[in-house]
Structure formats: structure tokens, C-alpha cells
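*Asks:* Supplied in C-alpha cells, the structure appears directly below.
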Amino acid sequence: MNKRFFPRIDLPLLMAIIPIMLLSSLTLWSASGFDESMLFKHLARCALTLVCILVMSSIPAASYQRSAPYLYFVAVSLLLAVALFGDSTNGSQRWLDIGFFRFQPSELIKLSIPIMIAWMLHLEGGRPDFRKIALCLMITLVPAGLIALQPDLDGAIFTVIYALFVLFFAGMSWKIIGGFVVSVLTLAPILWFFVMEAYQKSRVTQFLHPESDPLGSGYQIIQSLIAIGSGGMKGKGWMNATQGTLGFIPESHTDFIFSTYAEEWGFIGCVVLLT
Numbered sequence: 116m117n118k119r120f121f122p123r124i125d126l127p128l129l130m131a132i133i134p135i136m137l138l139s140s141l142t143l144w145s146a147s148g149f150d151e152s153m154l155f156k157h158l159a160r161c162a163l164t165l166v167c168i169l170v171m172s173s174i175p176a177a178s179y180q181r182s183a184p185y186l187y188f189v190a191v192s193l194l195l196a197v198a199l200f201g202d203s204t205n206g207s208q209r210w211l212d213i214g215f216f217r218f219q220p221s222e223l224i225k226l227s228i229p230i231m232i233a234w235m236l237h238l239e240g241g242r243p244d245f246r247k248i249a250l251c252l253m254i255t256l257v258p259a260g261l262i263a264l265q266p267d268l269d270g271a272i273f274t275v276i277y278a279l280f281v282l283f284f285a286g287m288s289w290k291i292i293g294g295f296v297v298s299v300l301t302l303a304p305i306l307w308f309f310v311m312e313a314y315q316k317s318r319v320t321q322f323l324h325p326e327s328d329p330l331g332s333g334y335q336i337i338q339s340l341i342a343i344g345s346g347g348m349k350g351k352g353w354m355n356a357t358q359g360t361l362g363f364i365p366e367s368h369t370d371f372i373f374s375t376y377a378e379e380w381g382f383i384g385c386v387v388l389l390t
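In this text, residue positions in the sequence shown follow our numbering: the first is 116, and each later residue adds one.
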């Protein structure tokens, strides 16, 4: 069994994942203010991730191909369940709570959409033409629309991007890609003025111009940039970050964990992580 099992594991990728897990654990320990329960939960998730990698690596690729439509059906069904009786948090209905477990079904789309699109292209054969692309996008827009209703516009956009990446690597022509780019540029003003909510526009403007409201909507971005810059070339050292521990960066152990990492490990540490 070992002879059949281990060749399917991408060892270079696995050897890259493990150091990242260790770095994330060290950074979380520092950013959380040495919260043991938070660290143990993170380590448990890392262990579960490694188990999933080993199990999924043992499954032949043909099995994923056969399961594509079923996985897609389950993912869309769960998104429908969220729309009907999902758990609301901070004005968004994105979670399913089954008592002992609470999860976000839109995460399953990250796996199901690429597999589904690849399966459809495999059945059709050849490079993606306009008809194949239109069919793939129709399949993609169903979960994307359900995610947008949660509301989660970012998640809906990324759902379409997952499909486009598969189409691109399947050999989609540059003419069609150019047409998509022109379409996006044409639709952007319509989305901005007639579709996007005020909080979504605020996210875009505060990302591009955080200094326009340094004590309001741009505060978090400015403080995170200060943390990254204060790390300098070599960083302040592990457990020596100040922006997060002193409360300048909210959620320094989750949303702004990279800022804490950059402050502690510096530019060199960031380059090592990204490469």
C-alpha cells in the first residue's frame, strides 16, 4: 500500500506547508497574547489539515473526476440551506449551525467549482470555446449568486475567478480573455453605482485611500502598514511586536496576522514566507 500511496503525495509542497504551519503557530501565539486555548485550537486544525492531505492524496484522481457533479450538488444545496435557515452574524447570513458544529458552506465552493469546471471541460474535450465557457459560467453563477445574497460580494467574485483560472489553464484563447477584460471594465461602473452597497464601496475607497479617514474607516489599514514598516529589514524578533499587543491593530491574530508577522520577522521574513 505504501508504494501506491506515497508517490501521490507532492513532497515538495508538503515540505513547504509544514514550515508555514510552524510559523503561523509561533505568530499566533505572539499575536494572541499567549492564549493557550487559541494556540491549541490552531494546532488541532493544522493536524487535521495534514490528515486531510494524506487521505486526499491517497484517492485516485479519477475518483475526484467522478465525484465532481455530486460535490457540486452538495455545495449548492448547502448554500440553499444557508439562504433558508442559516445563522446570521453581524448582518450576514453565511453560516450553518448544526448544534455541535458551525461551518461556512461557501468554503466548499473553493473545492467544488474548480473540480466541476475541469470535469465539464474533460467531457467536452478540446480547448474551451465560447459555448463551453458560457456553460461553465452558467454553472458557476448559481453558487456565486447564492453567495452574493448572503451578502458576500467578495466570495461571489472569487467563485467566478476560480472558474476563470481553470478555463485559462485549459487553453482559453487570448481573444476571449480580452473580451472578458473589456466586459469587466464596462460593467464596473454599473456595479459601482447600482449594485454595490455602501459598505462595499467603503472597503474599496479605504483600501485605495486609507489616509482620507485615518481615525475612521482607514484606521486599520494605516495601523497595519505602520506595523509592517516598523519591522524593518530583519524585524523586531519573535514576541516583540507592539502594534498588535498594544491594541493598535484590531484582530491582530486573525485578519491582520500578516502585519504582526511582518513586524516580528521583517522584510526578510516576509520574502521567505512568500517564496
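The beta carbon of each residue, even a glycine, is placed where N, CA and C say it ideally should be.
State the beta-bridge partners of residue 210 as determined by DSSP.
*Replies:* As a first step, residue 210 must be located in the sequence shown, where it is residue number 95. DSSP, once it has assigned bridges, lists 202 as partnering residue 210.
*Asks:* Can you have a look at residue 243 and say buried or exposed, based on whether 16 or more other CB atoms are within 10 angstroms of its CB?
*Replies:* Reading the sequence shown from its first residue, position 128 is the one you call residue 243. Burial call: buried.
*Asks:* For a test of the three-state rule: what should DSSP assign to residue 181, helix, strand or coil?
*Replies:* Working through the sequence shown from its first residue, we reach residue 181 at position 66. Three-state DSSP puts residue 181 in a helix.
*Asks:* Should residue 267 be labelled buried (16 or more other beta-carbon atoms within 10 Å of its own) or exposed?
*Replies:* As a working mapping, residue 267 is identified with position 152 in the sequence shown. Counting Cβ neighbours within 10 Å, residue 267 comes out buried, since at least 16 surround it.
*Asks:* Rounded to the nearest angstrom, what separates residue 291 and residue 144 at their Cα positions?
*Replies:* Taking the sequence shown and counting its residues from 1, the one referred to as residue 291 is at position 176. Taking the sequence shown and counting its residues from 1, the one referred to as residue 144 is at position 29. Taking the straight line from one Cα to the other gives about 47 Å.
*Asks:* Applying the criterion that 16 or more other CB atoms from any shown protein chain within 10 Å of the CB defines a buried residue, is residue 116 buried or exposed?
*Replies:* Here residue 116 refers to the residue found at position 1 of the sequence shown. Residue confidence for residue 116 is low, a pLDDT of 47 falling below 50, so the modelled location carries little weight; the figure read from the coordinates is stated next. By the 10 Å Cβ count, residue 116 comes out exposed.
*Asks:* Would the C-beta of residue 363 count as close to the ligand SAM, meaning under 6 Å from any of its heavy atoms?
*Replies:* The ligand SAM is absent from the structure shown, which contains no ligands of any kind.
*Asks:* In whole angstroms, what is the alpha-carbon distance linking residue 421 and residue 378?
*Replies:* In this structure the chain extends from 116 to 390, so residue 421 is not present and cannot be described.
*Asks:* Could you name the residues of the same chain whose beta carbon sits closer than 7 Å to that of residue 195, not counting the 5 residues immediately before and after it, in chain order?
*Replies:* On the sequence shown, position 80 is the one that residue 195 refers to. Closer than 7 Å at the Cβ level, and outside the excluded window around residue 195, lie 261.
*Asks:* Find out if the Cβ-Cβ distance for the pair residue 139, residue 187 is shorter than 7 Å.
*Replies:* Start at 1 with the first residue of the sequence shown, and residue 139 comes out as number 24. Start at 1 with the first residue of the sequence shown, and residue 187 comes out as number 72. For residue 139 and residue 187, no; Cβs fall outside 7 Å.
*Asks:* Only counting the same chain, and skipping five residues up and downstream in sequence, which positions put a Cβ closer than 7 Å to that of residue 274?
*Replies:* As a position in the sequence shown, residue 274 is number 159, starting the count at 1. Once the five neighbours on either side are set aside, the close Cβ partners of residue 274 are 224, 228, 255, 258, 259, 262.
*Asks:* Could you spell out the range, first to last residue, of the alpha helix (DSSP H) harbouring residue 390?
*Replies:* Walking along the sequence shown from the start, residue 390 turns up at place 275. Element bounds for residue 390: n/a, residue is neither H nor E.
*Asks:* Have a look at residue 133 and residue 304 and give me their C-alpha separation to the nearest angstrom.
*Replies:* Counting from 1 along the sequence shown, the entry for residue 133 is found at position 18. Counting from 1 along the sequence shown, the entry for residue 304 is found at position 189. Taking the straight line joining both Cα atoms gives about 43 Å.
*Asks:* Determine, using beta-carbon pairs with one atom in the region 368 to 377 and one in the region 146 to 153, whether at least three such pairs fall under 8 Å.
*Replies:* yes
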